[in-house]
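First up is the structure itself, then whatever we jot down about it.
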Amino acid sequence: MNILFYTFLLALIFILAFVLKDRNTFVTIVCSILIIQIILSPKVCMDGAISGAILFFYKVFPSLFSFLIVSNVIIRCNGISIYSKLFGNILCFPLRLPKSCSFAIVISILCGYPLGAKYACDLYENGSISIDELQRLLNIASNSSPLFILGSVGISMFKSSQIGYLLLLSNLISCMIMGFILPAKQNYKHSSKMVMETKSSDNIGSIFKNSIESSIKTCLSIGGFVTVFSVVNNIFENNLIFNLITKKLSSILGLSNDIITGTILGIIEMTNGCNLISNSQADIYMKIILVSFLFTFSGFSIISQVYSFTYKFKVSMKKYIFRKAIHGIICSLISIVLFKIYERYTSMEMFSYNLNPSTYKGSFFISIILFLILPIILFKFKRSFHIS
2 MNILFYTFLL ALIFILAFVL KDRNTFVTIV CSILIIQIIL SPKVCMDGAI
52 SGAILFFYKV FPSLFSFLIV SNVIIRCNGI SIYSKLFGNI LCFPLRLPKS
102 CSFAIVISIL CGYPLGAKYA CDLYENGSIS IDELQRLLNI ASNSSPLFIL
152 GSVGISMFKS SQIGYLLLLS NLISCMIMGF ILPAKQNYKH SSKMVMETKS
202 SDNIGSIFKN SIESSIKTCL SIGGFVTVFS VVNNIFENNL IFNLITKKLS
252 SILGLSNDII TGTILGIIEM TNGCNLISNS QADIYMKIIL VSFLFTFSGF
302 SIISQVYSFT YKFKVSMKKY IFRKAIHGII CSLISIVLFK IYERYTSMEM
352 FSYNLNPSTY KGSFFISIIL FLILPIILFK FKRSFHIS
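Per this note's numbering, the very first residue in the sequence shown carries number 2; after that it's consecutive.
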């Protein structure tokens, strides 16, 4: 059995190495395999499609649609210029981005995937930023929403709002670190473009109508991606070869099968992967490391949604994916460090009293404010010593 498994694995690697030279051949083979799978297991595919549709209509659509409408109205009413004046210095200068990028960053922090990428592309399409600034902004303003990290991951999966806040803080810190380490071809002061203040000639009714139409189109596109990747995930979960591979990897790496399966499926679609990992028998440290990586990396389902906005422009998706992987590793490291500090803090006898939720939330948001101010202080400190 071992010989057959390794023979199959080597054959698969050889075929992929040969086929990847021709993208069309590779896509055709993958789609043909999916068609065969649909014919052989129609119920598995139907269940996956229904599961994806339910996930979209009950979890994604209600929050996403309203945010899209409001955001589109803001853009059409010259809101980017207003956001640039309000948040440009605080958010964009430390990240070496033009002030106009503040709108995409704020939307990304509030709404999460994939709206940050959508409005980053809108900024480039409007001429507010250059292609190099778009490439950087995509990796900075492309994050999981606080609702997903706190609600879905923290409370629903880990049964702990404290872990949710730690994961959210690590996500924000890693995002800021990415802004510092990503190379900028020009100094942000010189690359920043003035945001043109133009009054829309449309009346509010026309603006609202166009915003709704644009939001429906975007939502349907995202819903299609969610459903397709839900089908793919369901096929993998019920596939004999996939289960055989995960069991072999589990025995080789010494990790539980749930961890291996959750990580692989999470790289495809993060929600399902995070759920499998959180329910596994692994220790809490392993869970936090992997879940942090997955919701930061986002998975190929979200990456495909990002590509649906960037395909029109000369944006390198290979560079985007590589940077997302680096971002995920940074977030994992920060998460485990914060969790270690949290463990030590809560285990100290002098802090053994029970914190009520309002006190904890207040401390958390004070920490966020201090964290946002810290880069500006460091930047001023750096300038005072003329460090290049």
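Where a beta carbon is used, it is the ideal one built from N, C-alpha and C, also for glycine.
Query raised in the report: Pairing CB atoms from the stretch 113 to 133 with CB atoms from the stretch 296 to 316, are three or more of them under 8 angstroms?
Result: As far as the Cβ criterion goes, the stretch 113 to 133 touches the stretch 296 to 316, which means the pair count is three or higher.
**Report entry** Secondary structure of Q38, DSSP reduced to three states
**Finding:** Counted from its first residue, the sequence shown places residue 38 at position 37. In the three-state scheme derived from DSSP, where H, G and I count as helix and E and B as strand, Q38 is classed as helix.
Query raised in the report: Of the choices G128, I40 and D123, whose alpha-carbon is the least far from that of G142?
Result: Locating residue 142 in the sequence shown gives position 141, where the first residue counts as 1. Before going on, a small fix: residue 142 reads as Ala here, not Gly. Nearest to A142 by C-alpha distance, out of G128, I40 and D123, is D123.
Requested in this report: Within its chain, find whatever has a CB closer than 6 angstroms to the CB of L356; leave out the 5 residues flanking it on each side and keep chain order.
Outcome: In the sequence shown, the residue the question calls residue 356 occupies position 355. Note that L356 scores 41 on pLDDT, short of 50, meaning its location in the model is unreliable; the coordinates nonetheless yield the value given after this. No residues qualify anywhere along the chain.
Query - Burial state of R416, where buried means 16 or more other Cβ atoms lie within 10 Å - result: What is shown of the chain runs 2 to 389, which leaves residue 416 out entirely.
Query raised in the report: Cα-Cα, which of V74, M47 and S257 is closest to S207?
Result: As a working note, residue 207 is residue 206 in the sequence shown. Nearest C-alpha to S207: V74.
Query raised in the report: Are the stretch 276 to 292 and the stretch 325 to 338 in contact at 8 angstroms, needing three or more beta carbon pairs?
Result: By the Cβ test, the stretch 276 to 292 is in contact with the stretch 325 to 338, since at least three Cβ pairs between them sit closer than 8 angstroms.
Query - Cα-Cα separation, C332 to N140 - result: As a first step, residue 332 is located in the sequence shown; it is residue number 331 there, counting from the start. As a first step, residue 140 is located in the sequence shown; it is residue number 139 there, counting from the start. Going by the C-alpha atoms only, they are around 13 angstroms apart.
Query raised in the report: Along the chain, where does the alpha helix (DSSP H) that runs through G152 open and close?
Result: Start at 1 with the first residue of the sequence shown, and residue 152 comes out as number 151. Counting along the chain, G152 falls outside any alpha helix (DSSP H), and DSSP gives it neither H nor E.
**Report entry** Status (buried if at least 16 other CB within 10 Å, exposed otherwise) for F296
**Finding:** The residue you call residue 296 lines up with position 295 of the sequence shown. When all chains shown are included, F296 counts as buried.
Query raised in the report: G117 CB to nearest chain D CB: under 8 angstroms?
Result: The structure shown contains no chain D; it is built from a single protein chain.
Query - Per-residue DSSP class, three states only, for R77 - result: For the purposes of this step, residue 77 is taken as the residue at position 76 of the sequence shown. It is helical.
Report task. Name the residue from V227, L138 and G128 whose alpha carbon lies nearest to the alpha carbon of I51. Result -> Working through the sequence shown from its first residue, we reach residue 51 at position 50. When only C-alpha atoms are compared, the closest one is V227.
Query raised in the report: So G225 packs on M271, CB below 8 angstroms; how close in whole Å?
Result: If you number the sequence shown from 1, residue 225 lands on position 224. If you number the sequence shown from 1, residue 271 lands on position 270. With a beta-carbon spacing of about 17 angstroms, G225 and M271 fall beyond the 8 angstroms limit used to define contacts.
**Report entry** Neighbourhood of Q136 by C-beta, 8 angstroms cutoff - its chain only, sequence neighbours within 5 removed
**Finding:** Here residue 136 refers to the residue found at position 135 of the sequence shown. Counting only residues of its own chain and dropping the five nearest sequence neighbours on each side, Q136 has a CB closer than 8 angstroms to the CB of V316, S317, K320 and Y321.
Query raised in the report: Residues in its own chain within less than 8 angstroms of F294 by CB, not counting five upstream and five downstream?
Result: One-based indexing of the sequence shown puts residue 294 at position 293. Excluding positions up to five away in sequence, the list reads G329, I330, C332 and S333.
Report task. Assign I130 to one of three DSSP states: helix, strand, or coil. Result -> What you label residue 130 is simply residue 129 of the sequence shown in a count that begins at 1. Here I130 sits in coil by DSSP.
Query raised in the report: Is it right to say L173 is buried, meaning 16 or more other beta carbons lie within 10 angstroms of its own, or is it exposed?
Result: The residue given as residue 173 occupies position 172 in the sequence shown. With a 10 Å radius around the Cβ and a threshold of 16 neighbouring Cβ atoms, L173 comes out buried.
Report task. Just the C-alpha distance for S1 and I150, rounded to the nearest angstrom, thanks. Result -> Residue 1 falls outside the range modelled here, since the chain spans only 2 to 389, and no answer is possible.
Query raised in the report: For V31, is the classification buried or exposed, using 16 other Cβ atoms within 10 angstroms of its Cβ as the cut-off for buried?
Result: For this step, residue 31 is matched to residue 30 along the sequence shown. The residue is exposed, with fewer than 16 neighbouring Cβ atoms inside 10 Å.
Query raised in the report: Using CA coordinates, which residue listed in N273, N240, L92 and L167 is at the minimum distance from F181?
Result: For the purposes of this step, residue 181 is taken as the residue at position 180 of the sequence shown. It is L92 whose Cα lies nearest to the Cα of F181.
Requested in this report: Jot down the residue ranges of each uninterrupted alpha helix (DSSP H) in the stretch 88 to 121, minimum 4 residues, whole runs only, in chain order.
Outcome: Restricted to the stretch 88 to 121, the alpha helix (DSSP H) segments that are unbroken, complete and at least 4 residues in length are 103 to 112, listed in chain order.
Query raised in the report: Mapping DSSP to helix, strand and coil, what is N144?
Result: The residue you call residue 144 lines up with position 143 of the sequence shown. Per DSSP, reduced to three states, the secondary structure at N144 is coil, with no helix or strand assignment.
Requested in this report: Return yes when the Cβ of L138 is within less than 8 angstroms of the Cβ of A422, no when it is not.
Outcome: What is shown of the chain runs 2 to 389, which leaves residue 422 out entirely.
Query raised in the report: Is G206 helix, strand or coil by DSSP?
Result: Taking the first residue of the sequence shown as position 1, residue 206 is located at position 205. Per DSSP, reduced to three states, the secondary structure at G206 is helical.
Query raised in the report: So what does DSSP say about V316, is it helix, strand or coil?
Result: In the sequence shown, residue 316 corresponds to position 315, counting from 1. Under the three-state reduction of DSSP output, V316 falls in the coil class, being neither helix nor strand.
Query - Spatial distance of F298 from G274 (CA atoms) - result: Against the sequence shown, residue 298 aligns to sequence position 297. Against the sequence shown, residue 274 aligns to sequence position 273. Roughly 12 angstroms separates the two Cα atoms.
Query raised in the report: Along the chain, where does the alpha helix (DSSP H) that runs through L277 open and close?
Result: For this step, residue 277 is matched to residue 276 along the sequence shown. Per DSSP, L277 belongs to the alpha helix (DSSP H) from M271 to S279.
Query raised in the report: Which whole-angstrom value is the C-beta distance of N234 and L266, which I expect to be below 8 angstroms?
Result: In the sequence shown, the residue the question calls residue 234 occupies position 233. In the sequence shown, the residue the question calls residue 266 occupies position 265. Contact between N234 and L266 is confirmed by a C-beta separation of about 5 angstroms, below the 8 angstroms threshold.
**Report entry** Presumed contact (8 angstroms Cβ cut-off) between L277 and D259, rounded CB distance
**Finding:** If you number the sequence shown from 1, residue 277 lands on position 276. If you number the sequence shown from 1, residue 259 lands on position 258. L277 to D259, Cβ: 6 angstroms. Contact.
Query raised in the report: Is F243 closer than 8 angstroms to Y125 when the C-beta atoms are compared?
Result: The residue given as residue 125 occupies position 124 in the sequence shown. The residue given as residue 243 occupies position 242 in the sequence shown. In this structure, F243 does not lie closer than 8 angstroms to Y125 by Cβ.
Requested in this report: Go through its chain and collect everything with a Cβ distance to L183's Cβ below 8 angstroms, but skip five positions before and after it.
Outcome: As a working mapping, residue 183 is identified with position 182 in the sequence shown. Cβ neighbours of L183 beyond the five flanking positions: R137, N140, I141 and R324.
Query raised in the report: Taking DSSP as the reference, what is the three-state secondary structure of F159?
Result: The sequence position of residue 159 within the sequence shown is 158, counting from 1. Here F159 sits in coil by DSSP.
Requested in this report: Could you give the DSSP three-state label for A50: helix, strand or coil?
Outcome: Position 49 of the sequence shown, counted from the start, is the residue given in the question as residue 50. When DSSP states are grouped into helix, strand and coil, A50 belongs to the helix group.
Report task. Give the single residue among F68, T311, Y343 and I236 whose Cα lies nearest to the Cα of S216. Result -> Looking up residue 216 in the sequence shown gives position 215. Selected option, being the one with the closest Cα: F68.
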